[in-house]
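Visitor:
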Amino acid sequence: MMRRLAATLLLAGLPLIAQAGHGLINSFAGIEWLPEPGMTPRDFGWRADCWMEELQVLAASTPEDIVALRQAQAMERLAEAVRLVKDDEASAAQPAIAAYAARLEDIAATMEDIASEARTAARLAFAARLLEAQYIVSTEYLDLPRTARTALAQAVEAARAAYLVQRAPLSRHDQESLFFREEEVRWSWEQAQAADAQGL
Amino acid sequence: MKRGLSRLGRGLLLAGSLLLAGCEQRGAEGPREGSPPGPYRLTLEISPPEPVPGQAAELVFTLTQADSGAPVQDLQIVHERALHTFIVASDFSSFAHLHQEDLAPRPAADAASGVFRFPYVFPAMGTYRILNEFTHRDRSWVKHFEIRTQGAAAGPPPEAAVKLSRTVAVDDFEARLSTSPALPVAGHEAELVLELTRAGQPVNDLELLLGAEVHVAVWRLDGAHFGHTHSYTPEMAAMMRDMAAHPGSHSAAMMIEMMSRPAKLVYPGPVIPIRHTFPEAGIYQLFMQCAPGGEPRVFPFQVEVLPWKEGADVELRSEVPGA
Chain C
16 MMRRLAATLL LAGLPLIAQA GHGLINSFAG IEWLPEPGMT PRDFGWRADC
66 WMEELQVLAA STPEDIVALR QAQAMERLAE AVRLVKDDEA SAAQPAIAAY
116 AARLEDIAAT MEDIASEART AARLAFAARL LEAQYIVSTE YLDLPRTART
166 ALAQAVEAAR AAYLVQRAPL SRHDQESLFF REEEVRWSWE QAQAADAQGL
Chain V
3 MKRGLSRLGR GLLLAGSLLL AGCEQRGAEG PREGSPPGPY RLTLEISPPE
53 PVPGQAAELV FTLTQADSGA PVQDLQIVHE RALHTFIVAS DFSSFAHLHQ
103 EDLAPRPAAD AASGVFRFPY VFPAMGTYRI LNEFTHRDRS WVKHFEIRTQ
153 GAAAGPPPEA AVKLSRTVAV DDFEARLSTS PALPVAGHEA ELVLELTRAG
203 QPVNDLELLL GAEVHVAVWR LDGAHFGHTH SYTPEMAAMM RDMAAHPGSH
253 SAAMMIEMMS RPAKLVYPGP VIPIRHTFPE AGIYQLFMQC APGGEPRVFP
303 FQVEVLPWKE GADVELRSEV PGA
């Protein structure tokens with residue numbers, strides 16, 4: 016747990032290398048991928064690990080800190096779900112997917128506690144992370160076991176719904192800044208669905 | 003309690019930074035691992051491991067699937083190359099855009115094992131950023147390395163000096179950069195217009211360089227926000243118009259196809275329009291590569307990008323026909 020906290024803080028302290036890429040097809044070329052999943056719901060200590068995370072959140076001092084912790088936790092839950100689906104254990108992935116969705120809801124609620132002058136930037140950053148999550152899952156999807164991977168549609172739907180909630184209050188300028196990423200995500204998820212339809 | 007946790011956080015951050023510094027030391031002895039991690043793993047072996055300034059070092063990149071370790075053998079050819087590598091000094095005093103195929107066709111053994119290799123002479127002692135771009139299954143990827151030459155000081159490299167410049171002379175060429183809006187705004191597309199003269203006369207003999215009139219590599223001075231963009235053609239403008247009018251019509255595959263097919267020269271000079279969206283405010287370093295008379299040249303510029311705020315001038319007056 017402490018190692019994870021250290022890793023999260025370490026990542027937060029590193030300079031962001033947010034690379035664009037080759038021309039117009041690069042919105043997600045250099046994004047931070049899923050973390051190593053560590054324990055998953057099939058492990059005995061997973062729930063205790065989740066409770067420890069709740070304690071961390073209780074100890075957090077600002078809404079911004081809570082959002083940062085919850086975002087890191089959400090990506091961990093997503094990584095766990097993808098790992099289990101990779102191992103063809105769709106039902107074991109369900110608690111991780113549910114926990115992922117719950118963390119997104121918690122972030123959305125906490126967002127309203129952020130001071131208004133900082134809220135737009137926080138909202139925009141969260142929206143971008145939600146697009147990345149959808150892109151990551153839809154990219155991984157193509158190489159996952161065909162029967163188990165459909166479980167991840169719930170995670171994508173949770174991210175999509177949370178994204179729309181965050182996007183709605185943004186200014187036109189901020190919404191437009193997300194356009195290419197939205198299009199990439201749309202295309203990427205269509206590819207995943209097409210793979211299902213074609214039995215690939 | 004809250005203050006205590008904050009101190010703990012700072013302590014962990016410091017410990018983590020020291021740990022990271024240690025990792026970098028160990029990394030210098032074996033293959034370096036490109037970041038960020040993801041479904042692909044790109045490693046780099048340099049011979050010698052700490053290159054000597056002024057002497058050729060061999061760079062060997064190996065691209066594998068992160069999960070299976072299988073070599074990636076079927077990269078898409080985008081702008082005439084499979085793996086695009088940019089090497090830039092951290093103070094932006096040198097720049098290179100390299101590919102294995104620049105020297106000779108890629109041997110079948112390298113292609114089978116996901117290997118790309120070429121020599122490079124690090125021109126001076128210091129820290130260098132190496133960026134690699136590749137496209138696989140219609141998705142574009144970037145992997146980043148940081149390399150120190152022999153004798154370079156440990157620790158984060160100093161930030162490059164600010165030298166805002168809109169005109170630059172290289173040999174007998176003069177390159178002028180104008181932008182619309184006059185000062186680009188973060189998050190808003192800007193048009194960058196490169197205008198070239200040679201010995202005072204407009205350049206009209208540009209040739210294609212790797213499938214484009216110009217390649218532009220972009221970094222913010224702190225090394226963040228790498229971008230790679232090209233001349234903005236009427237065909238591209240038409241596609242963007244269509245995309246904006248019909249959300250959902252976009253296909254990444256269509257765009258990659260456009261960049262993969264044999265290119266046609268649209269801008270012989272002296273003016274080349276380029277589009278780029280700078281993601282955040284700051285000073286950005288640009289390297290513009292083009293080939294007047296077929297001879298590649300690099301024109302460096304620095305541009306200031308303003309933060310977005312209500313009422314900012316973001317109007318783009320385009321030089322591109324039909325845009």
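As you go down the protein sequences, you meet chains C and V in turn.
So the first sequence is numbered by the working numbering: it starts at 16 and just counts up by one.
So the second sequence is numbered by the working numbering: it starts at 3 and just counts up by one.
From the three backbone atoms N, C-alpha and C, an ideal C-beta is built for every residue, glycine too.
Would you mind giving the Cβ-Cβ distance between T87(V) and V74(V), rounded to the nearest angstrom? I have them listed as a contact below 8 Å.
Guide: Not quite, the Cβ-Cβ distance comes to about 15 Å (not below 8 Å), so this is no contact.
Visitor: Between A240(V), V305(V), C292(V), G296(V), which has its C-alpha nearest L223(V)'s C-alpha?
Guide: Residue V305(V) is the option with its Cα nearest to L223(V).
Visitor: Give the interface partners of S192(C) over in chain V, defined as CB-CB distance under 7 Å, in chain order.
Guide: Under the 7 Å cutoff, chain V gives G189.
Visitor: Here's the rule I'm using: 16 or more other beta-carbon atoms within 10 Å means buried, otherwise exposed. How should H81(V) be labelled?
Guide: By the neighbour-count rule (16 or more Cβ atoms within 10 Å), H81(V) is buried.
Visitor: Would you list, in chain order, the members of the region 255-281 of chain V that have their beta-carbon closer than 7 Å to a beta-carbon of chain C?
Guide: Listed by position along the chain: M257, I258, M261, P281.
Visitor: Is the Cβ of A170(C) closer than 7 Å to any Cβ of chain V?
Guide: Chain V, which has no Cβ nearer than 7 Å to the Cβ of A170(C), makes this no.
Visitor: Could you tell me the distance, in whole angstroms, from the CA atom of K311(V) to the CA atom of R187(C)?
Guide: Between K311(V) and R187(C), the C-alpha separation is close to 12 Å.
Visitor: Please report the straight-line C-alpha distance between Y156(C) and M260(V), rounded to a whole angstrom.
Guide: Looking at the two C-alpha atoms, the distance is approximately 26 Å.
Visitor: Under 7 Å between C-beta atoms, does A113(C) make it to chain V?
Guide: By this cut-off, A113(C) is not an interface position.
Visitor: Compute the Euclidean distance between the alpha carbons of R83(V) and L212(V), then round it to the nearest angstrom.
Guide: The alpha-carbon atoms of R83(V) and L212(V) are separated by roughly 8 Å.
Visitor: To the nearest angstrom, report how far apart T169(V) and R178(V) are at their CA atoms.
Guide: The alpha-carbon atoms of T169(V) and R178(V) are separated by roughly 4 Å.
Visitor: Once DSSP output is grouped into helix, strand and coil, what is the label at I132(V)?
Guide: Looking at I132(V) - three-state DSSP - the assignment turns out to be strand.
Visitor: Can you name the residues of chain C whose CB is closer than 7 Å to the CB of G40(V)?
Guide: Simply W48.
Visitor: Using a threshold of 7 Å, state whether the C-beta atoms of P272(V) and L210(V) are closer than that.
Guide: Going by C-beta atoms, P272(V) is not nearer than 7 Å to L210(V).
Visitor: Which residues in chain C sit within 8 Å of M245(V), going by Cβ to Cβ distance?
Guide: Going along chain C in sequence order, the residues near M245(V) (Cβ under 8 Å) are E198.
Visitor: Cα separation between E161(V) and F94(V)?
Guide: Straight-line Cα distance between these residues: approximately 10 Å.
Visitor: Could you spell out the range, first to last residue, of the alpha helix (DSSP H) harbouring I122(C)?
Guide: I122(C) -> alpha helix (DSSP H) spans 105-126.
Visitor: So F303(V) is in the alpha helix (DSSP H); what residue range does that whole segment cover?
Guide: Not the alpha helix (DSSP H): F303(V) falls in the beta strand (DSSP E), residues 299-307.
Visitor: Can you tell me which residues form a DSSP beta bridge with V187(V)?
Guide: In DSSP, V187(V) forms a bridge with L308(V).
Visitor: Within 10 angstroms of its Cβ, does T162(C) collect 16 or more other Cβ (buried), or is it exposed?
Guide: Exposed, since its Cβ has fewer than 16 Cβ neighbours within 10 Å.
Visitor: Closer than 8 Å, Cβ to any Cβ of chain V: which residues of the region 145-176 of chain C, in chain order?
Guide: If the cut-off is 8 Å between Cβ atoms, the region 145-176 of chain C has T154, E155, L157, D158 near chain V.
Visitor: When you compare the CB positions of Q152(V) and V54(V), do they come within less than 7 Å of one another, or not?
Guide: Yes.
Visitor: Is L196(V) helix, strand or coil by DSSP?
Guide: DSSP places L196(V) in strand when its eight states are reduced to three.
Visitor: Whose C-alpha, out of S96(V), D69(V), P264(V), I149(V), is nearest the C-alpha of K101(C)?
Guide: For the residues S96(V), D69(V), P264(V), I149(V), the minimum Cα distance to K101(C) belongs to D69(V).
Visitor: Nearest to F59(C) by alpha carbon, out of A142(C), R118(C), A107(C)?
Guide: Nearest C-alpha to F59(C): A107(C).
Visitor: Which residue from H232(V), K145(V), R319(V), P41(V) puts its Cα closest to that of P183(V)?
Guide: Considering only alpha carbons, the answer is R319(V).
Visitor: Please identify the residue among E47(C), R57(C), P160(C), A117(C) whose C-alpha is closest to the C-alpha of E172(C).
Guide: For the residues E47(C), R57(C), P160(C), A117(C), the minimum Cα distance to E172(C) belongs to A117(C).
Visitor: Would you decide whether N206(V) is buried or exposed? Buried here means 16 or more other CB atoms lie within 10 Å of its CB.
Guide: Exposed.
Visitor: If you follow the beta strand (DSSP E) that Y286(V) is part of, which residue opens it and which one closes it?
Guide: Counting along the chain, the beta strand (DSSP E) containing Y286(V) begins and ends at 284-294.
Visitor: So, under 8 Å CB-CB, Y42(V) and I89(V) are touching, yes? Tell me the CB distance rounded to an integer number of Å.
Guide: Actually they are not in contact, since the Cβ atoms of Y42(V) and I89(V) sit about 20 Å apart, beyond 8 Å.
Visitor: Just checking my contact of L288(V) with V195(V) at CB under 8 Å: how many whole Å lie between their CB atoms?
Guide: So it is not a contact: roughly 12 Å between Cβ atoms.
Visitor: Ends of the beta strand (DSSP E) at T169(V)?
Guide: Its beta strand (DSSP E) spans residues 169-172.
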